[in-house]
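See structure below.
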Amino acid sequence: MTTPAHLADLKDHVIICGYGPLGRTLAMNLATAQIPFVVIDNQRQRLRLAQQSGHLFYCSDDLMDENELLAVGVDRARTVVAVLADDASNVFITLIARRLNPNLQILAYGELPATESKLRFAGADHVVLPSSISAQRMVQLITRPTVLDFLEEKDERSHLIELLSQLDLQIEEFTLPLEASLVGLAIADVEAKGRGRFIIVAIRHQNGALVTHPPLTLPLAPGDTLIALGRAAEIKTFFRQYAHRQPTRYRGLGS
Numbered sequence: 003m004t005t006p007a008h009l010a011d012l013k014d015h016v017i018i019c020g021y022g023p024l025g026r027t028l029a030m031n032l033a034t035a036q037i038p039f040v041v042i043d044n045q046r047q048r049l050r051l052a053q054q055s056g057h058l059f060y061c062s063d064d065l066m067d068e069n070e071l072l073a074v075g076v077d078r079a080r081t082v083v084a085v086l087a088d089d090a091s092n093v094f095i096t097l098i099a100r101r102l103n104p105n106l107q108i109l110a111y112g113e114l115p116a117t118e119s120k121l122r123f124a125g126a127d128h129v130v131l132p133s134s135i136s137a138q139r140m141v142q143l144i145t146r147p148t149v150l151d152f153l154e155e156k157d158e159r160s161h162l163i164e165l166l167s168q169l170d171l172q173i174e175e176f177t178l179p180l181e182a183s184l185v186g187l188a189i190a191d192v193e194a195k196g197r198g199r200f201i202i203v204a205i206r207h208q209n210g211a212l213v214t215h216p217p218l219t220l221p222l223a224p225g226d227t228l229i230a231l232g233r234a235a236e237i238k239t240f241f242r243q244y245a246h247r248q249p250t251r252y253r254g255l256g257s
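Add 2 to a position in the sequence shown, counting from 1, and you land on the number used in the working numbering.
Structure (structure tokens):
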């Protein structure tokens with residue numbers, strides 16, 4: 003099994019999320035090109051194949067957990083490749099990876115052509131479809147990145163929400179009152195209070211400016227609208243508790 007010391011040494015590396023047929027071919031090509039990489043998967047049988055091939059790997063309990071990507075150094079990586087079997091998982095990993103490392107190059111696989119625009123909206127730089135599938139092409143994208151245009155967010159948001167619902171995830175919006183207890187806290191602090199129940203994927207300021215993939219250090223201001231991704235019931239419970247006006251307390255003369 004991979005030891006933490008090995009992972010701690012990784013920098014400017016590639017993270018392959020999913021060691022299926024495409025992931026295995028990609029790993030072989032990266033090894034040939036002598037590009038450092040780590041494989042992350044939750045299937046032990048697949049990881050045994052990675053071990054037999056001599057690849058660095060990490061066994062994940064939950065690929066939807068951002069801590070798992072941090073464990074393989076997503077904050078130090080140059081590229082994340084999401085090649086899991088289902089499109090919804092690849093979209094979610096793309097969202098998480100982009101917010102954890104805004105400078106990251108993200109390559110994602112989409113089984114259905116309609117998924118391409120959703121992956122781009124989620125933050126993918128390049129999308130590989132079955133019609134254009136090529137591990138060697140993905141290696142070229144890693145070594146020779148090009149800049150591609152993003153699609154209009156307004157047109158893609160509803161489609162993204164529909165796809166994420168396959169993972170029982172929804173996007174909820176909440177506007178912070180002027181005296182809400184969360185005002186002044188950084189996004190990282192708010193998510194810490196939420197204990198992993200949601201992530202904040204965008205902020206709309208009171209002046210109408212929309213910040214997508216906001217940095218974790220961004221402080222919340224009065225009137226900000228938080229766009230959070232998670233399970234709807236858990237998000238609503240959290241904001242009922244914290245995103246409200248603080249009651250004014252008066253002390254009597256004898257207090």
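Just so you know, even glycine gets a beta-carbon here, dropped at the ideal spot from N, CA and C. Small disclaimer: the values here were computed from a predicted structure and weren't measured.
Local conformation of residue i per DSSP, three classes
i, result
"Glu236", "helix"
"Pro217", "coil"
"Ala10", "helix"
"Ala223", "coil"
Residues bridged to residue i [DSSP beta-bridge criterion]
i, result
"Phe176", "Leu228"
"Ile202", "Ala230"
"His128", "Leu109"
"Phe241", "Note: Phe241 sits in no beta bridge, so no partner."
Terminal residues of the beta strand (DSSP E) in which residue i lies
i, result
"Leu212", "212 to 214"
"Ile18", "16 to 19"
Distance between beta carbons of residue j and residue i, contact taken as under 8 Å
i, j, result
"Asn44", "Leu65", "6 Å"
"Asn92", "Ala73", "So it is not a contact: roughly 19 Å between Cβ atoms."
"His215", "Gly112", "Wrong, their Cβ atoms sit about 20 Å apart, outside the cutoff."
"Asp226", "Leu178", "5 Å"
"Ile173", "Ile229", "6 Å"
"Ile95", "Cys19", "5 Å"
Limits of the alpha helix (DSSP H) - the one that residue i falls within
i, result
"Asp191", "189 to 196"
"Ala29", "23 to 34"
Query raised in the report: Of all the beta strand (DSSP E) runs that stay within the bounds of the stretch 41 to 123, which reach a length of 3 or more residues?
Result: Counting only runs of 3 or more, we get 59 to 61, 81 to 84, 107 to 111.
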